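Engineer: Could you have a look at this structure, given as structure tokens, before my questions?
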Amino acid sequence: MKNYEQCSDEEIIELLQKGEHSVEDYLIKKYKPMVLKKAHAMFLIGGEQEDLIQEGMIGLFKAVQGYQPGKNASFSTFANLCVERQMCKAIEISGRQKHRPLNTYISLSQEDGPLANTEDTVQLNPEEIVIGRESADNLKKRICKVLSPFENQVLKFYLQGMDYRKIAKKLEKPDKSVDNALQRIRGKIHGMIEE
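Residue 86 in the UniProt record's numbering sits at position 86 of the sequence shown, with consecutive numbering throughout.
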């Protein structure tokens with residue numbers, strides 16, 4: 001097996017297109033942390049975090065299969081876009097279901113904003129965009145108010161894509177304390193949304 005770490009993503013895609021299918025696993029493993037980070041930055045009411053991760057992995061697989069070198073975009077950019085679109089599409093579909101008010105997408109990440117711009121999302125008028133941003137900002141403020149300072153720190157690192165062990169190490173707290181804090185955070189957010 002070749003050492004793919006020394007190759008660019010574009011070179012790896014060329015190898016894949018030439019029939020070297022073992023590179024596919026390498027690319028999936030390489031970009032999985034990006035998928036996890038995006039999934040942790042999104043919140044799907046009525047769904048599980050694992051659902052978003054699975055959708056993101058589907059988007060990553062589509063990127064690996066569909067990337068065409070020489071199209072003025074790096075593989076990294078293309079993969080990022082495919083993952084984001086797949087997750088947003090899943091969120092949009094969940095929003096069309098029977099209980100639409102219960103199935104809404106709220107980004108808890110500063111970077112991704114509540115109304116991420118993708119071609120797959122519904123076109124909103126400026127008034128809806130402003131109202132959506134205000135609602136998301138209000139929700140973020142409410143969340144920060146109901147969480148303890150420790151829980152706010154844990155949530156901040158969690159949304160940056162860290163798992164509970166990394167957060168515990170960074171905050172110099174036991175793993176169990178951070179895991180319990182994440183459970184409390186989920187419960188408090190779920191309780192707020194059901195109000």
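Virtual Cβ for every residue (Gly too), placed ideally from N, Cα, C.
Please read these numbers as outputs of a predicted model, since none were measured by experiment.
#1: Quick check: does the Cβ of Ser-148 come within less than 7 Å of any heavy atom belonging to the ligand FMN?
#2: Output needed for Ser-177: all residues of its chain with C-beta closer than 6 Å, excluding positions within five of it in sequence on either side, in chain order.
#3: Check whether the Cβ atoms of Tyr-4 and Ile-13 lie closer than 8 Å to each other.
#4: Let me know if Asp-9 comes out buried or exposed under the rule of 16 or more other beta-carbons within 10 Å of its beta-carbon.
#5: CA-CA distance, Phe-78 and Ala-63?
#6: Report the rounded CA-to-CA distance for Cys-88 versus Lys-141, giving the unit in angstroms.
#7: Applying the 10 Å Cβ sphere with the 16-neighbour rule, what's the burial state of Cys-144?
#8: Below 8 Å between beta carbons: does that hold for Tyr-164 and His-40?
#9: For Glu-55, is the classification buried or exposed, using 16 other Cβ atoms within 10 angstroms of its Cβ as the cut-off for buried?
#10: Since Pro-149 is in the alpha helix (DSSP H), which residue starts that stretch and which ends it?
#11: Run through DSSP, which three-state label would Met-162 get?
#12: Shortest alpha-carbon distance to Glu-151 belongs to which of Tyr-67, Gln-160, Gln-183 and Gln-86?
#13: Using 10 angstroms around the beta-carbon of Gln-80, count the other beta-carbons present and answer buried if the total reaches 16, otherwise exposed.
#14: Thinking just about the alpha-carbon of each residue, which of Ser-76, Ile-91, Gly-191 and Gln-153 is nearest to the one in Lys-32?
Structural biologist: Here's the rundown:
#1: The ligand content of the structure shown is nil, which means the ligand FMN is not present either.
#2: none
#3: no
#4: When all chains shown are included, Asp-9 counts as buried.
#5: 7 Å
#6: 24 Å
#7: exposed
#8: Cβ distance not < 8 Å, so Tyr-164 and His-40 don't count as in contact.
#9: buried
#10: Secondary structure note for Pro-149: its alpha helix (DSSP H) is the uninterrupted segment 149-159.
#11: Met-162: coil per DSSP, three-state reduction.
#12: Gln-183
#13: Reading off the sequence, residue 80 comes out as Asn, not Gln. Buried is the call here.
#14: Out of Ser-76, Ile-91, Gly-191 and Gln-153, Ser-76 has the C-alpha closest to the C-alpha of Lys-32.
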